[in-house]
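Presented below is the structure to which this report refers.
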Amino acid sequence: MTDSKTDSTLCPFARAILNTHSHCRESESFHIAERHGVRCASAEMQRHCQSYFKEIKKESSFALGVTKLPQQMTSNMGLQMQCGAVEGLRRAVKNSKDESIIDTIIQAEQQFGSTHNFPYQQINQAISSWKSRKRGRRFSSL
Numbered sequence: 006m007t008d009s010k011t012d013s014t015l016c017p018f019a020r021a022i023l024n025t026h027s028h029c030r031e032s033e034s035f036h037i038a039e040r041h042g043v044r045c046a047s048a049e050m051q052r053h054c055q056s057y058f059k060e061i062k063k064e065s066s067f068a069l070g071v072t073k074l075p076q077q078m079t080s081n082m083g084l085q086m087q088c089g090a091v092e093g094l095r096r097a098v099k100n101s102k103d104e105s106i107i108d109t110i111i112q113a114e115q116q117f118g119s120t121h122n123f124p125y126q127q128i129n130q131a132i133s134s135w136k137s138r139k140r141g142r143r144f145s146s147l
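Going by the numbering used here, the sequence shown opens with residue 6, and the numbers climb by one from there.
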């Protein structure tokens, strides 16, 4: 059984937040059984993020090296899309990494007019060049 409030307010940039690549002042962490997720505390702010995420899904297939995004993306592909999209938008509006995701999106909307007008060529460059952090080398104890 799922919580309908949780399902309706899931953060579209949850993977970037959970991976500690980004943060958002509107995010709330939740745990359901073994599942760890992020939801948005504000329905109004979530609409901004969803609008940007919807555009990213339309614009990013080439940056991710596919002709069409699969219905169910791999975890790494989703992480690359989310982290690269946040990083690319931050660069476009010249925000620091410390800036909240929602603040970056709102600033970009003010600067470019709407999510349709965001500089997707620049954002896609950030998506295609984004690489996940390498895990530390593990040593086994003998």
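Note that beta-carbon positions come from the ideal geometry of N, C-alpha and C, so glycine has one too. On a predicted model such as this, the values are computed, not experimentally measured, just so you know.
Leaving out five residues on either side along the sequence, give the residues of the same chain with a beta carbon under 8 Å from the beta carbon of residue i.
{"i": "V98", "result": "T109, Q112, A113 and Q116"}
{"i": "Q127", "result": "G93, R96 and A97"}
{"i": "N122", "result": "none"}
Can you list, in chain order, the residues of its chain whose CB lies under 7 Å from that of residue i, leaving out five sequence neighbours each side?
{"i": "I22", "result": "C16, H28, C29, S32 and V43"}
{"i": "I132", "result": "S65, A68, L69, Q85, M86, G89, A90 and G93"}
{"i": "Q51", "result": "T14 and C45"}
{"i": "W135", "result": "Q85, C88, G89 and E92"}
{"i": "K62", "result": "L74"}
{"i": "S47", "result": "E31"}
Can you tell me whether residue i is buried or exposed? The criterion is at least 16 other CB atoms within 10 Å of its CB, across all chains shown.
{"i": "Q85", "result": "buried"}
{"i": "G70", "result": "exposed"}
{"i": "E104", "result": "buried"}
{"i": "N129", "result": "buried"}
Whose C-beta lies closer than 6 Å to the C-beta of residue i among residues of the same chain, with five residues either side of it excluded?
{"i": "T120", "result": "S56, Y57 and E60"}
{"i": "A38", "result": "none"}
{"i": "Y125", "result": "E64"}
{"i": "H26", "result": "C88"}
When DSSP labels each residue in this structure, what does residue i get in the three-state scheme?
{"i": "C45", "result": "strand"}
{"i": "E104", "result": "coil"}
{"i": "E33", "result": "strand"}
{"i": "L74", "result": "coil"}
{"i": "L84", "result": "helix"}
{"i": "L15", "result": "strand"}
Give me the Cβ distance between residue i and residue j, rounded to the nearest whole Å; I'm assuming they're in contact under 8 Å.
{"i": "F35", "j": "I106", "result": "Their Cβ separation, rounded to whole angstroms, is 17 Å, which puts F35 and I106 out of contact at 8 Å."}
{"i": "R20", "j": "G83", "result": "5 Å"}
{"i": "S137", "j": "N81", "result": "7 Å"}
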